[in-house]
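J.:
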Amino acid sequence: MEHQWQKDGERKAPELERESYDGIINYLEHGYPSSRVRWHCHEEYELHLIVATSGRLFVGDYIGEFSPGHLVLTGPRLPHNWISNVVPEGGVALRDMIVQFAHAPLAGAARVIPELRELLPLLERSSYGVEFFGMGQEAQRHLARIRATHGAERFAEFVQLMSTLARTANYRLLSSASLRSYDDDATLAKVNSVLNYITDNYREPISAEMLAEQVGMSLSKFSRFFRKATGNSFTDFVSRLRINKACQLLMDTDQYVSNVCYDVGFQNVANFNRRFLQVKGVTPKQFRRQADGRFGGIGGPVADAPQAS
Numbered sequence: 482m483e484h485q486w487q488k489d490g491e492r493k494a495p496e497l498e499r500e501s502y503d504g505i506i507n508y509l510e511h512g513y514p515s516s517r518v519r520w521h522c523h524e525e526y527e528l529h530l531i532v533a534t535s536g537r538l539f540v541g542d543y544i545g546e547f548s549p550g551h552l553v554l555t556g557p558r559l560p561h562n563w564i565s566n567v568v569p570e571g572g573v574a575l576r577d578m579i580v581q582f583a584h585a586p587l588a589g590a591a592r593v594i595p596e597l598r599e600l601l602p603l604l605e606r607s608s609y610g611v612e613f614f615g616m617g618q619e620a621q622r623h624l625a626r627i628r629a630t631h632g633a634e635r636f637a638e639f640v641q642l643m644s645t646l647a648r649t650a651n652y653r654l655l656s657s658a659s660l661r662s663y664d665d666d667a668t669l670a671k672v673n674s675v676l677n678y679i680t681d682n683y684r685e686p687i688s689a690e691m692l693a694e695q696v697g698m699s700l701s702k703f704s705r706f707f708r709k710a711t712g713n714s715f716t717d718f719v720s721r722l723r724i725n726k727a728c729q730l731l732m733d734t735d736q737y738v739s740n741v742c743y744d745v746g747f748q749n750v751a752n753f754n755r756r757f758l759q760v761k762g763v764t765p766k767q768f769r770r771q772a773d774g775r776f777g778g779i780g781g782p783v784a785d786a787p788q789a790s
């Protein structure tokens, strides 16, 4: 799908890709260039291995580099794209080995098969994209066997690979901090209540004191509770959420940076620029220039961004 500029300063949202397949596990592969290389998302989880070429990847609001052996798990509706900028003449026949799978069958199986429950925290983390380190060769062996098998044998191979990924500590989240699981429903309900409120009201002033009162906790207890739930302090979490929302506006609209600042809840442009640089490592303007590369250069040349061939 070609991405072009739209009216009123809006850019096209990532294309929602829909797959149709039998069974729980769908194996895909493609080379480069390919019609599959585009800014898109889909309902399925996707385990994505790069076996050839290097370039720049875009996962949600994350922008980084990839090379052979690069392995990432993305969650449902998380936009992504891999743009190669070092490609042999004539392209490559195989660049990407991919497994897609839906949430409902696996989550349903985990309810009746306790051994599958170890995969659930990994699926939760995938909402923000998970990059694994040092797993490329092992993943490629499993993916090759998944490609060559069907039925129960394919599912067993898939579970073995996912179990390995669920147990490794050699990973990082690409877009935001992960949410940690809770065993009791009451605590989980409080976590969801707080996070839903923040997500719905991030444009407005939000205080830890107000939310502590909302869930019936002292401020000190709420602070410990919130850090355990999100891995961040309350102030840092809200700031990062606003920065991530700003990233979306910078990628998808032509609003001035100052307008983006106020739209996501910051009250001061200088503070917004400083926090953005701390979190993303670049200024908002630099981020926007880099982000235009997720379309492979469509929409005009972008400094330091790879161009799709």
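Position in the sequence shown counted from 1, then plus 481, gives you the working numbering.
Even glycine gets a Cβ: it sits at the ideal position worked out from N, Cα and C.
Which residues does DSSP pair with ILE531 in a beta bridge?
T.: ASP577
J.: For ILE531, count neighbouring C-beta atoms within 10 Å of its own C-beta (all shown protein chains included) and say buried if the count is 16 or more, exposed if not.
T.: Its Cβ being crowded by 16 or more others within 10 Å, ILE531 is buried.
J.: Starting from THR716, follow its DSSP beta bridges and name the residues at the other end.
T.: Looking at the DSSP assignment, THR716 forms no beta bridge with any residue, so it has no partner.
J.: Buried or exposed for ARG684, please, with buried defined as at least 16 other CB atoms from any protein chain shown within 10 angstroms of its CB.
T.: With fewer than 16 other Cβ atoms within 10 Å, it is exposed.
J.: Looking at the unbroken beta strand (DSSP E) that takes in ARG653, where does it start and where does it end?
T.: 652–654
J.: I need the straight-line Cα distance from ARG723 to THR630, nearest angstrom please.
T.: 45 Å
J.: What do you reckon, are the CB atoms on VAL745 and LEU730 nearer than 9 Å?
T.: For VAL745 and LEU730, yes; Cβs fall inside 9 Å.
J.: Return the first residue and the last residue of the beta strand (DSSP E) that HIS561 is part of.
T.: 561–567
J.: Taking VAL593 as part of the beta strand (DSSP E), name the residues at either end of that continuous run.
T.: Counting along the chain, VAL593 falls outside any beta strand (DSSP E), though it belongs to the alpha helix (DSSP H) covering 584–593.
J.: Return the residue from the list VAL580, MET732, VAL540 and ALA772 that minimises the CA-CA distance to LEU654.
T.: VAL540
J.: DSSP three-state call for GLY512: helix, strand or coil?
T.: Secondary structure of GLY512 (DSSP, three-state): strand.
J.: Where do the N-terminal and C-terminal ends of the alpha helix (DSSP H) with VAL458 fall, by residue?
T.: Outside the shown range of the chain, which is 482 to 790, sits residue 458, and nothing can be said about it.
J.: Out of VAL763, HIS529 and CYS742, point me to the one whose CA is closest to LEU624's CA.
T.: HIS529
J.: Closer than 7 Å by C-beta to PHE636: which residues in its own chain qualify, once you throw out the five before and the five after it? Chain order, please.
T.: Counting only Cβ-Cβ distances below 7 Å, and skipping sequence neighbours, we find ILE505 and ILE506.
J.: Shortest alpha-carbon distance to THR555 belongs to which of GLU570, ALA533 and VAL580?
T.: Comparing alpha-carbon positions, the option among GLU570, ALA533 and VAL580 lying closest to THR555 turns out to be VAL580.
J.: In the DSSP assignment, find the beta strand (DSSP E) that holds PHE547 and state where it starts and stops.
T.: 543–547
J.: Out of ASP717, TYR508, HIS511 and LEU538, which one is the CA nearest neighbour of GLN771?
T.: LEU538
J.: Under the three-state reduction of DSSP, which class applies to ARG598: helix, strand or coil?
T.: helix
J.: Taking its Cβ as the centre, do 16 or more other Cβ atoms sit within 10 Å of THR534, making it buried, or is it exposed?
T.: Answer is buried; the Cβ neighbour count reaches 16.
J.: From SER714 to MET691, what does the alpha carbon distance come to, in whole angstroms?
T.: Looking at the two C-alpha atoms, the distance is approximately 15 Å.
J.: Which residue wins for smallest C-alpha separation from ALA670, given the options ARG598, PHE639 and VAL696?
T.: VAL696
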